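Below: the structure, in structure tokens.
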Amino acid sequence: MSVTIRDRIRPGHRVGTMALIGLVIIALLLLLAMIGGMVLPDPLRTHAGSAMQPPSADHWLGTDRYGRDVLSRTVAAVRVDLFIGVVVALLSMTVGSLIGLLAGYVGGVVDEAITRCVDVLMAFPSFVLAIILVAVLGDSVPNVLIAVTIGFLPYFVRLTRVEVLRERELDYVTAARVVGNGRARIALRHLMPNVVGPSLVQATLVSGWAILNASGLAFLGIGIRPPTPEWGVMVAEGANDIITGQWWTSMVPGAMILVAVMAFHLVGDDLRGKQW
Amino acid sequence: MVRYLGRRLVSAAVTVAGVVLVVFFVVRVIPGDSAALRAGPNADPSQIQAIRDRYGLDDPLWQQFRTYLSKVVQGDFGTSMRTDGSVTTELLARLPASLELALYGLAFAAVLGFVLGLSGAALRGTAWDAVVRVIAVIGSSVAIFWLGLLAIYVFYYRLSWFPAPIDRIPLSATPPPTVTGLITFDALLAGNPVLAGEAFSQIALPALTLGFVLAAPITKMVRTSVIESLSKDYVRTARSVGIPFRTILFKDGLRNAMLPIVTTVGIVFGYMIGGNVIIESLFSWPGVGQYAYKAISAHDLDALQGFVIVIGLLYVTLNLLIDLSYLLIDPRVRLGGREA
Amino acid sequence: MVARLEIRDLTVRSESRQQPVLRGVSFSVEPGQILGLVGESGSGKTITGLAVMGMLPSGFEITGGHVSVLGREIASAGRPSARKAADATMVFQNPLGALNPTMRIGKQLIRVLRRNRGLAKHDAHDAALELLQRVGISGAERVLASYPHQLSGGMTQRVMIAVALACDSAVIIADEPTTALDVTVQAQIFDLVTRVVAENGCSVVLVTHDLPAVAQLCDRVAVLYAGQLMEIGDAHAVLEQPQHPYTRFLLDSVTKAGDPNVVDLGPDWSLTGCRYAHRCPLVHDACLSVPDAVPVGPRGHVVSCVLAEARVV
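Chains as they are written, first to last, in my numbering: chain A, 1 to 276; chain B, 1001 to 1340; chain C, 2001 to 2313.
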């Protein structure tokens, strides 16, 4: 089919200015993630002598209590947080849509069971769910990925299910069935591309939310732990420095979270149709 | 209407059962060795075995579930490993603090959300509308722990507008007699406006932080729904017969936008419960969120389990209340007839 | 009550088309008169009504001419609408959705009455009852207590007419008031309109494409095509002896006696002269310029066509 996925989301849609800004920011972050390590000083290198320095010519964003350069540590964290955002979004979207496809297409008891499960999962805020899952699974990046992903699964299951319920009555599905296609084939080859639109939009937003949840967990001291450079970890480490007026250790990484999540948000809002 | 109520109640009940089940599954079944997990990294084998005995972790799973279920049904959510106290009792004791915070947070969020959203819709396309949208995006993209930290830094350390974030009332003060559990109200009821004022300034900063973040989705939804309802035909009718714009905005625009707005408020409440853990730990607020935070740090799985169950129940109840409120808001739901 | 609507040389421009969608339209309506404004879809009938109401959608604006009610100018180029509800109101095409679904009918009708007649609550309630009875609704008390979704389409349209009457307007513009309704109900609504005009003495502009209804109800007829007023005059004069090729085409299509030479196309908005030129079987070189309005019969029977022969009235 020559119709692209993009056409299914917003046919003939031109990217708005705000979304463009968002995309540029994401591109810059990706760039930082890739080359940052090469250009900046080592983020893990401690240097007791130059601890807690305010921003200066040597250290553009100052140093933390171990003498680590805040700028390079923040940039190193881009890799971790962006990774989490993108992976969680992709994972929850893929798994969630497949489950939703199953529920909507097969119907009956399977649908009922899946819907009940989704209802139960949605009885918890995604962050609370992530907390207890990480508490139970243990602190590590993969566990954080799993915990946060599970928190967002229900959105995709519901979205896809609704789309499938609507689409499966359409003629092209009937035609595919008449021609003799197996059910799995119909579901995956024919239905899926047509129902995936809203999920893609949701995925951009989830990328941002995943970063918020993961860094929130890190701030509470679970999931991702120091010395791994991650924005939430950095804010937690710098939280006490604020008392003595040393704002850069916690404010800088937190500001980065805002920038990154906002970028995803702008793109997602635009895809969703909210013009600026 | 009765059918609608009945269906919702049954649905809620099933979800509650699911919540109880899932929590057991997560806490007892998933972890490889939950005793070792609870004991922490520094425990020796005898300590771990003591935990196993105490929590019946050696028993077959179905028996563990039976014990768990019979306790939960009676409202007993277990014993906290950290304090040796009943989780239920401790949670209930802390609930008023969290509720008060939630109330003020939601109040700030609602006021801010409605003012911004309504004005954005009424002044759609103007510079103010752009400002509203930017604020909304920032509010939904900001990490609440960072915002709280920033608020403490600016408004406490720098400007001294608010007192130190340590508790619900200043250390030197005595709490008022408990009537509602909400200190600001209880202080007023006890005729002590000074105390009420102090309690209010303690709750202000965390509530404002919470409120700003929660205001974002409310602003968006109010703005979108009001714009939507202002574009409807009945607004055209009202304009054609000379009803002034301000009346139209509230009576026709806002009123008919309430359904999705109320839904959003419910969702926002959900964020709040999650955000509470962070806010309460940051501001040392003695609520259930702080309890959860302490439980996390101590690997106190039973306390966490109780917390999660309570949250789940609160959430289900809230959604039920929202569904019931639809009956009040939309006469089409109440009276049946043609679908909205 | 003296009622009069005067539209002189009204021109409305569309931003998206970069063309006038109404060009030099002029007509007037006397008190107690019903004028039928006819034309195919897209001819500009609804835009005319909206221009009078000062409720043109975004992207449209008045660029020439003016509208007056009772001698007072309410709409003109470059100035915001000065229309009040007492000048003109409109009954819209689709009654469904025309009323606030979360408010009882009574409350909505009463707020219009209180706004426009300055009545106290109790008096407004009585006035509302009286209005509903006037538009032929029995069980008025029950209707006042109902919500919009509980009424049928025909009933709702009656309520909308009552709402318009509550404004005591000099002019009521009825924009295809029966198109969304059943045929049986249509007749009732038309009867109601006639009765209202007779009782009230207001002027009514009936925007419609239903020619038989026009024949039955209207005193005068104005024929619009692509924003240009083609012909206007007494109803029976225009309908029995149409002078404009387009009017003839319209009538023929109703009676199904068509001229095969007439091409059935959509409007060509780029035409600077007569807007019917691309379809007219009698088209001329002279049609490249805007045709004058030529009087062709008694009592203001006017035709915009270069072929029309002026007759001394």
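For glycine and all other residues, C-beta sits at the position ideal for the given N, C-alpha and C. This structure is a prediction, so every number in the text was calculated from the model and none was measured.
is_contact[glycine 1266/B, chain A] using C-beta, thresh 8 angstroms: no
Taking the alpha carbon of methionine 1221/B as the point to measure from, which residue in Leu1313/B, Ala1035/B, Leu1095/B and Phe1114/B has its own alpha carbon closest? Phe1114/B
Outcome for methionine 34/A when other beta-carbon atoms lying within 10 angstroms are tallied against a minimum of 16: exposed
Quick one: what does DSSP say valine 2135/C is sitting in, helix, strand or coil? coil
When you compare only the Cα positions, how much space is there between valine 2052/C and serine 2026/C? 12 angstroms
Quick check on phenylalanine 1283/B: does DSSP put it in helix, strand or coil? coil
Does the separation of the CB atoms of threonine 1209/B and isoleucine 1166/B fall below 8 angstroms? no
Helix, strand or coil: which one does DSSP assign to glutamine 2228/C? strand
Just checking, does the segment 1023-1030 of chain B make contact with the segment 226-239 of chain A on the three C-beta pairs under 8 angstroms criterion? no
On the three-state DSSP scale, how would you describe leucine 2099/C? coil
Between the Cα of leucine 1282/B and those of Pro227/A, Val110/A, Leu266/A and Phe219/A, spot the shortest distance and give me the residue it belongs to. Phe219/A
Limits of the unbroken beta strand (DSSP E) element including leucine 2010/C: 2005-2014
Determine the direct distance from the alpha carbon of tryptophan 247/A to that of isoleucine 2062/C, and round the result to whole angstroms. 59 angstroms
Can you find a C-beta in chain A that's less than 8 angstroms from the C-beta of tyrosine 1055/B? no
Return the bridge partner residues of glutamine 2157/C from the DSSP annotation. The partner list for glutamine 2157/C (beta bridge, DSSP) is empty, contrary to what the question assumes.
For a contact defined as C-beta to C-beta under 8 angstroms, what are the partners of isoleucine 1243/B on chain C? Arg2111, Val2112 and Arg2115
Three or more beta-carbon pairs under 8 angstroms between the segment 2031-2039 of chain C and the segment 2197-2214 of chain C, yes or no? yes
Measuring only the C-alpha atoms, how far is methionine 1/A from histidine 59/A? Low confidence applies here, because methionine 1/A scores a pLDDT of 39, under 50, leaving its location unreliable and the question unanswered by this model.
Contacting residues, own chain, Cβ-Cβ under 8 angstroms from leucine 1009/B (five flanking each side not counted): Leu1320
Residue range of the beta strand (DSSP E) that includes threonine 1209/B: Here threonine 1209/B belongs to no beta strand (DSSP E); instead the alpha helix (DSSP H) covers 1193-1230.
At the 8 angstroms Cβ level, is alanine 2098/C part of the contact set with chain D, yes or no? The structure shown contains no chain D; its protein chains are A, B and C.
Assigned secondary structure, alanine 2170/C (DSSP; H/G/I helix, E/B strand, else coil): coil
Do glutamine 2188/C and glycine 2154/C have their CB atoms nearer than 8 angstroms? yes
Excluding five sequence neighbours on each side, which residues of the same chain lie with their C-beta closer than 8 angstroms to the C-beta of proline 1170/B? Pro1163, Glu1198 and Gln1202
Out of curiosity, what's the CA-to-CA distance linking alanine 1303/B and tyrosine 1104/B? 26 angstroms
Flag this pair as touching only if the segment 182-195 of chain A and the segment 91-109 of chain A have three or more C-beta atom pairs under 8 angstroms; answer yes or no. yes
Beta strand (DSSP E) containing histidine 190/A: first to last residue? Neither: histidine 190/A is in no beta strand (DSSP E) and is coded neither H nor E.
Option in Ile2034/C, Ser2058/C and Gln2033/C with minimal Cα separation from serine 2016/C: Ser2058/C
Distance, Cα to Cα, valine 2197/C vs glycine 268/A? 55 angstroms
Confirm, please, whether the CB-CB distance from valine 2223/C to threonine 2247/C is below 8 angstroms. yes
Whose C-beta lies closer than 7 angstroms to the C-beta of valine 95/A among residues of the same chain, with five residues either side of it excluded? Leu153
Between which residues of its own chain and phenylalanine 2092/C is the CB-CB distance below 6 angstroms, once the five residues before and five after are set aside? Ala2098 and Asp2175
Spatially closest choice to valine 2238/C from Val2302/C, Gln2019/C and Leu2005/C, by CA coordinates: Val2302/C
Contact belief for leucine 2131/C with alanine 2166/C at Cβ below 8 angstroms, rounded distance in angstroms: 6 angstroms
Contact set between the segment 2039-2057 of chain C and chain B, restricted to residues whose Cβ is under 8 angstroms from the partner: Met2053 and Met2055
Consider the Cβ of cysteine 2218/C: report whether some Cβ of chain B lies at a distance smaller than 8 angstroms. no
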